[in-house]
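> Mind looking over this structure? Questions follow.
Residue numbers (my numbering): 4 to 156.
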């Protein structure tokens, strides 16, 4: 290892999210509800060189495996991501994210006239389309900066 390299140690158990679109690691943490207050052990590499993406982010979360709904939302901001499940320092499962047909309750519609913005007991729902996501209720399409519309606690 040269003096110009930084080595991040392997994790014993948890999840490694690799090939995240460069600059999206902090949004990944937001999706996972990780803000540092709960004491999770997290390692992040941002804008590291990637043959496939040019630049990529990597997120390692110890002692946590992602739910399918978390993976579904990740696929919207990191469609090339791979999810590696690590147990006892070994990768036991490796999967690529797949975009779901719909996402529910994780994005807020930017249309101020949408029923989801009217203090009604309606959960947001978006259909995943080729170039973004479309609100099921008002058909508003979000094509860029999907992460800006995350509605995660």
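Glycine included, each C-beta is placed from N, C-alpha and C at the ideal position.
Compare the C-alpha of residue 105 against each of 92, 54, 71 and 17 and name the closest.
Walking along the chain shown from the start, residue 105 turns up at place 102. Answer by Cα proximity: 71.
> Please report the straight-line C-alpha distance between residue 17 and residue 39, rounded to a whole angstrom.
By one-based count along the chain shown, residue 17 stands at place 14. By one-based count along the chain shown, residue 39 stands at place 36. Approximately 16 Å between the Cα atoms of the pair.
> Can you check which of these residues, 89, 49 and 54, is closest to residue 65 by C-alpha distance?
The residue given as residue 65 occupies position 62 in the chain shown. Comparing Cα-Cα distances from residue 65 to each of 89, 49 and 54, the minimum goes to 89.
> Under three-state DSSP, which class holds residue 79?
As a position in the chain shown, residue 79 is number 76, starting the count at 1. Here residue 79 sits in helix by DSSP.
> On the DSSP bridge list, what partners appear for residue 52?
By one-based count along the chain shown, residue 52 stands at place 49. 58.
> Could you compute how far the alpha carbon of residue 154 sits from the alpha carbon of residue 108?
As a first step, residue 154 is located in the chain shown; it is residue number 151 there, counting from the start. As a first step, residue 108 is located in the chain shown; it is residue number 105 there, counting from the start. Distance between the alpha carbons of residue 154 and residue 108 is about 7 Å.
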